[in-house]
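Before any comments, here is the structure.
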Amino acid sequence: MTHDTVIRTDDLEVTYTGKREVTALNGVSVDFSENKLTAIIGPSGCGKSTLLKSLNRLHEIQPNAEITGEVYLEDDPVYETDEPLPEIRRRVGYVPQKPTPLPVSIYNNVAYGPKIHGDYSREELDDIVETQLRKVNLWSEVEDRLDSPGAELSTGQIQRLCLARSLAAEPDVLLCDEVTSALDPISAEQVEETLADLKEEYTIVMVTHSMEQAKRLADDVIFLYLGDVIETNDARTFFENPQNERTQEFVEGHAAVEYDDGDDTAPDSTADAPPAE
Amino acid sequence: MDTTTDSGSNAQADRPERLDRRLLIERLSSYWLIGAGLFAVALFALIVLTLVQQSIPIVSEHSLLEMLTSSNWDPASEEFGYLPAIVGTIYVTVLSMAMGTPIAILAAIYIAEYAEGRMKVIVSSFIDVLAAIPSVIFGLVGLIVVVPFVGDYLAPALGTHSIGLGIVTVSLVMAIIVTPFMISLTVESLEALPDELREASLGVGATKWETIRSVLLRAAGPGIFSAILLGFGRVFGATIVPAMLIGGQTAIPESPFDAGETLPSLIVNDFGELMSIPLTQSALIFVGLLLLVIVWLFNFGAMLVRRRLQRRWQY
Amino acid sequence: MDRYAEQRLFGFLARASAALIVAVLLLVVGVTIFRGGRVFLTDPAVAITPPGSRYMLDGGGGFLHAVLGSLFIVVPATVVATTLSLSTAVFLQSDYSSERTSDVINMFLNVLWGTPPIVYGVFVLTVIIAVGAQTSLIFGIVAIAIFQYPIMTRYADEALQSAPDAVKEASYGLGATRFETARVTIRAALPGIIAGVIMGFARGIGDAATVLFTAGRSTQMPGGPFEPATTLPILIFEQAASFNAEVRSHAYAASFVLIVAVLALIIASKLLAGRYARFAPGGRQ
Ligand SMILES: Nc1ncnc2c1ncn2[C@@H]1O[C@H](COP(=O)(O)OP(=O)(O)OP(=O)(O)O)[C@@H](O)[C@H]1O
Ligand SMILES: [Mg+2]
Chain A
1 MTHDTVIRTD
11 DLEVTYTGKR
21 EVTALNGVSV
31 DFSENKLTAI
41 IGPSGCGKST
51 LLKSLNRLHE
61 IQPNAEITGE
71 VYLEDDPVYE
81 TDEPLPEIRR
91 RVGYVPQKPT
101 PLPVSIYNNV
111 AYGPKIHGDY
121 SREELDDIVE
131 TQLRKVNLWS
141 EVEDRLDSPG
151 AELSTGQIQR
161 LCLARSLAAE
171 PDVLLCDEVT
181 SALDPISAEQ
191 VEETLADLKE
201 EYTIVMVTHS
211 MEQAKRLADD
221 VIFLYLGDVI
231 ETNDARTFFE
241 NPQNERTQEF
251 VEGHAAVEYD
261 DGDDTAPDST
271 ADAPPAE
Chain B
1 MDTTTDSGSN
11 AQADRPERLD
21 RRLLIERLSS
31 YWLIGAGLFA
41 VALFALIVLT
51 LVQQSIPIVS
61 EHSLLEMLTS
71 SNWDPASEEF
81 GYLPAIVGTI
91 YVTVLSMAMG
101 TPIAILAAIY
111 IAEYAEGRMK
121 VIVSSFIDVL
131 AAIPSVIFGL
141 VGLIVVVPFV
151 GDYLAPALGT
161 HSIGLGIVTV
171 SLVMAIIVTP
181 FMISLTVESL
191 EALPDELREA
201 SLGVGATKWE
211 TIRSVLLRAA
221 GPGIFSAILL
231 GFGRVFGATI
241 VPAMLIGGQT
251 AIPESPFDAG
261 ETLPSLIVND
271 FGELMSIPLT
281 QSALIFVGLL
291 LLVIVWLFNF
301 GAMLVRRRLQ
311 RRWQY
Chain C
1 MDRYAEQRLF
11 GFLARASAAL
21 IVAVLLLVVG
31 VTIFRGGRVF
41 LTDPAVAITP
51 PGSRYMLDGG
61 GGFLHAVLGS
71 LFIVVPATVV
81 ATTLSLSTAV
91 FLQSDYSSER
101 TSDVINMFLN
111 VLWGTPPIVY
121 GVFVLTVIIA
131 VGAQTSLIFG
141 IVAIAIFQYP
151 IMTRYADEAL
161 QSAPDAVKEA
171 SYGLGATRFE
181 TARVTIRAAL
191 PGIIAGVIMG
201 FARGIGDAAT
211 VLFTAGRSTQ
221 MPGGPFEPAT
231 TLPILIFEQA
241 ASFNAEVRSH
251 AYAASFVLIV
261 AVLALIIASK
271 LLAGRYARFA
281 PGGRQ
């Protein structure tokens with residue numbers, strides 16, 4: 001696992017200070033492998049978003065977040081570093097949970113990153129915009145209205161636009177925070193397909209609430225519980241043969257609920273097993 | 001039910017009566033409240049009608065176009081040229097807004113995006129206090145500080161001459177008065193933006209300033225723009241500070257360092273003495289009407305801008 | 001320019017602008033307190049001494065007439081404006097008016113809110129002339145009340161809106177009428193409403209343009225509601241540039257009294273609003 005690790009955390013501890021002090025991460029050390037999709041799962045409030053954002057220091061826009069430990073991006077430290085912060089964030093892109101278009105046109109949403117980072121001619125930019133929009137399967141839907149505001153698209157389209165916007169900055173790692181949770185099932189499926197395509201090329205870290213989605217997409221899974229990493233494993237082992245009791249409970253609990261919805265997938269063996277004592 | 005019968009048929013008999021009284025109060029109070037709701041509309045209508053009615057004499061005796069373009073203001077001989085006051089008003093409005101707006105927006109950016117914790121609380125309370133200081137006190141401080149500053153330092157340093165009172169002096173003081181007002185509205189619009197917008201921009205590697213410049217200011221644009229328009233309205237209708245500091249000169253100013261007159265200061269300076277001449281009275285009331293209409297346009301524009309742009313970018 | 005240099009430059013400019021504004025405030029308050037305080041504190045009696053017979057010429061006596069004039073005008077005006085604005089604000093809530101109606105009324109309130117005070121002054125003066133009366137204390141009250149009305153309505157409306165819905169629901173759930181419910185809501189929003197009343201009072205006591213032509217600019221003690229009166233802001237306005245040093249010094253002393261009063265009122269209002277924000281769920285900080 002070490003040789004192709006792109007980004008890893010070392011004893012990361014994040015505390016939100018204030019009237020009610022919350023330790024969101026309790027010394028977390030995890031690895032994320034190259035061109036794999038790693039899913040972070042866990043109950044609400046366990047620190048998933050915090051872990052995700054600490055990978056490119058986005059949690060720092062909260063004035064009350066305090067952090068110790070280190071993150072290494074291809075062995076370069078992310079915190080103790082001379083590299084400018086925006087450059088780190090370019091290399092580790094972030095897609096927010098809520099589909100959020102920038103208040104500019106569709107075209108400029110995608111061109112936003114390239115315009116900041118390089119001196120591209122208009123033709124080169126046109127090229128980049130088209131390539132990225134194609135990558136997220138949005139090109140055919142928007143090619144004739146690139147100049148209308150991003151906010152006029154449907155939420156599913158906006159979310160794919162956000163993916164394209166992040167990709168256009170040429171990141172090595174892509175952080176996705178529950179990017180399908182605000183979408184209707186059909187749009188969610190489209191975004192999921194896009195992510196499945198993208199993981200060939202990018203290292204993706206994805207927070208999700210849906211066990212099914214993690215099963216479908218993830219190569220590796222990290223299970224967080226109250227700020228601690230309970231288990232981290234490849235997806236197959238994780239779901240079929242969880243090493244930790246708590247993981248087992250969590251996976252089963254969710255599986256039971258989801259299969260009740262009449263999902264076409266039959267419950268697998270672990271779901272039938274009695275809960276651990 | 002059974003338990004209440006003990007307490008007497010008295011209470012039972014009381015009830016319908018009591019209900020009647022409650023409903024009566026309800027009805028009477030709703031008349032009063034509807035009246036109070038309509039009061040806002042009635043007051044506005046009354047003000048407009050009164051001012052219009054009192055402006056009729058002057059408008060029927062002199063051509064409106066002529067009055068707006070004539071620079072001869074001499075009520076004693078029935079000459080009512082508003083141009084000097086109009087030019088003065090425009091000078092003051094443009095100069096104060098040119099000085100005040102960038103500072104207001106930058107300070108709002110500081111409060112909304114840079115300041116944290118205690119510092120943020122302190123700076124924003126200072127600005128609230130600044131907004132509440134009576135303008136007559138700004139006028140007084142202007143007389144003590146800004147007048148000598150302009151007369152003895154600024155004008156000579158720029159190679160001109162000034163008696164200290166004049167358009168520049170008024171503009172400096174008005175710029176100070178109008179900033180806190182624009183700052184609070186701008187801070188409000190910036191703080192209303194979702195954090196996701198900041199994350200989205202920073203997440204592709206933009207610097208904080210790039211995020212502010214090309215994302216946040218744009219997204220908050222409608223709010224900021226309407227703050228600026230409301231600021232224009234404020235300066236335009238300001239009375240006390242121009243009346244104290246502009247020097248009262250009804251001739252078209254040749255330079256911003258000259259003394260002059262604004263529309264509101266014209267009212268203040270000429271009303272008391274010239275009330276005896278009926279036409280002058282009408283001419284000054286007409287100025288009031290002019291002010292009302294123009295400020296109303298600014299406010300209306302602000303509202304429109306906010307609604308339209310907001311819909312376009314959906315923030 | 002390199003993007004990091006630009007970032008630093010504008011970060012600096014933002015800080016500098018905020019610092020400039022804080023500095024200007026300190027200057028304004030400082031000058032007022034220093035220049036005015038010097039006069040006032042050496043002879044605090046000026047504020048409670050009636051003016052002499054040739055007051056505008058030699059500054060004999062003190063400016064008790066303006067202190068009392070301010071109080072006699074602004075206190076009744078605030079009472080009137082509070083009654084009216086609170087009623088309007090209650091009417092604007094959903095119990096009494098449809099969204100459309102309150103939108104329309106709000107539009108007019110916004111226009112009134114942005115109307116320059118001088119227009120109110122001219123309006124009231126026009127009325128005075130029309131009814132053939134003379135400028136006097138009572139018309140000062142009317143003018144200030146009109147000026148305060150939109151300001152205080154806005155505060156009251158905000159306070160009522162941020163009162164928890166649960167209060168209303170509970171009240172209606174007990175079978176209360178709209179009016180009875182409104183009274184409960186007002187009680188729940190009381191700190192915010194009082195903060196608004198204090199702000200309205202502070203604005204009213206500081207405004208000169210509305211009362212300049214309506215209250216009568218008297219240099220004698222207020223005689224009654226139909227006699228001319230003056231206020232502190234008018235006194236400062238008229239005497240600040242006087243040729244007589246004594247007359248001018250009274251303007252300084254009056255500005256000291258005025259700024260201390262206004263600052264005290266703002267602080268009181270802030271404290272109340274702050275307490276209020278802590279107790280009202282969803283209330284703005
Ligand atoms: N700015 C903040 N200030 C204080 N506490 C915070 C802040 N942000 C998050 N927290 C707390 O930190 C903990 C972890 O938050 P985080 O958002 O990382 O959880 P999460 O796993 O992403 O939850 P969810 O599944 O609901 O998105 C939570 O208890 C949350 O309440
Ligand atoms: Mg989260």
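Chains as they are written, first to last, in full-length UniProt numbering: chain A, 1 to 277; chain B, 1 to 315; chain C, 1 to 285. For glycine and all other residues, C-beta sits at the position ideal for the given N, C-alpha and C. In this text the structure is predicted, and so the values were computed from the model without any measurement.
Check, Outcome
"Residue from Tyr110/B, Val178/B, Gly139/B and Thr239/B with nearest C-alpha to Gln7/C", "Tyr110/B"
"Against chain A: residues of the stretch 191–213 of chain B by CB proximity under 8 angstroms", "Pro194, Asp195, Glu196, Leu197, Arg198, Glu199, Ala200, Ser201, Leu202, Gly203, Val204, Gly205, Ala206, Thr207 and Glu210"
"Close beta carbons around Leu263/C, own chain, < 6 angstroms, minus the five adjacent residues each side", "none"
"Boundaries (first-last residue) of the alpha helix (DSSP H) holding Ser87/C", "Leu64 to Leu92"
"Beta carbon nearer than 7 angstroms to a non-hydrogen atom of ligand 2", "Lys48/A, Ser49/A, Gln97/A, Asp177/A, Glu178/A and Val207/A"
"Local Cβ density within 10 Å of Lys19/A, reported as buried at 16 or more and exposed below that", "exposed"
"Expected contact under 8 angstroms - CB spacing of Leu106/B and Leu245/B to nearest Å", "At roughly 26 angstroms, the Cβ-Cβ gap does not stay under 8 angstroms, so Leu106/B and Leu245/B are not in contact."
"Asn64/A: CB within 7 angstroms of a non-hydrogen atom of ligand 1", "yes"
"Spatial neighbours of Ala199/A in its chain, beta-carbon cut-off 8 angstroms, leaving aside the 5 residues before and after", "One point to set straight first is that residue 199/A is Lys, not Ala, in the sequence displayed. Closer than 8 angstroms at the Cβ level, and outside the excluded window around Lys199/A, lie Asn35, Lys36, Leu37, Leu217 and Asp219."
"Residue span of the beta strand (DSSP E) that contains Met206/A, given as start and end", "Thr203 to Val207"
"Check: Ser44/A C-beta below 7 angstroms from any heavy atom of ligand 1", "yes"
"Cβ separation of Phe72/C and Phe256/C, assumed to be a contact under 8 angstroms, to the nearest whole Å", "Not confirmed; about 21 angstroms, so no contact."
"Distance, Asp127/A Cα to Pro117/C Cα", "58 angstroms"
"Assigned exposure category for Ile90/B - 16 Cβ within 10 Å defines buried", "exposed"
"Reduced DSSP category for Asn299/B - H, G, I as helix; E, B as strand; rest coil", "helix"
"Local Cβ density within 10 Å of Leu157/B, reported as buried at 16 or more and exposed below that", "The sequence given here places Ala at residue 157/B; Leu does not occur at that position. Flag for Ala157/B reads exposed."
"Closest Cα partner of Asn72/B within the set Glu66/B, Val41/B, Gly81/B and Ile294/B", "Gly81/B"
"Local conformation of Asn26/A per DSSP, three classes", "strand"
"Other residues of its chain near Ser96/B: CB distance less than 7 angstroms, five sequence neighbours each side excluded", "Ser171, Met174, Ala175, Val178 and Val235"
"Burial state of Arg134/A, where buried means 16 or more other Cβ atoms lie within 10 Å", "exposed"
"Sequence-distant residues of its chain with Cβ nearer than 6 angstroms to Tyr72/A (five each side left out)", "Arg8"
"Minimum Cβ-Cβ distance from Val41/B to chain A less than 8 angstroms", "no"
"Check whether Leu216/B and Ile86/B have beta carbons under 8 angstroms apart", "no"
"Close-in-space but distant-in-sequence residues of the same chain around Thr139/A (CB under 8 angstroms, 5 per side omitted)", "As written in the sequence, residue 139/A is Trp, which differs from the Thr given in the question. Cβ within range, chain order: Glu130 and Leu133."
"C-alpha distance - Thr160/B paired with Asp152/B, whole-angstrom precision", "11 angstroms"
"Those runs of the beta strand (DSSP E) which lie wholly inside the stretch 47–126 of chain A and span at least 3 residues", "65–73 and 92–95"
"Three-state secondary structure assigned by DSSP to Leu153/A", "coil"
"Proximity below 8 angstroms, CB of Thr155/A to CB of Pro99/A", "yes"
"Close Cβ partners of Lys120/B (< 7 angstroms) along its chain, the five nearest in sequence each way excluded", "Ile111"
"6 angstroms Cβ shell around Met56/C - same chain, five flanking residues per side excluded", "Thr219"
"Any non-hydrogen atom of ligand 1 within 7 angstroms of Tyr225/A CB", "no"
"Beta carbon proximity, Ala112/B to chain A, threshold 8 angstroms", "no"
"Contact test: Val71/A Cβ vs ligand 1 heavy atom, cutoff 7 angstroms", "no"
"Opposing strand residues paired with Leu9/C [DSSP bridges]", "DSSP lists no partner for Leu9/C."
"Asn269/B versus Gly247/B: straight-line alpha-carbon distance, rounded", "10 angstroms"
"Pair within 8 angstroms by beta-carbon distance, Ala47/C and Val67/C", "yes"
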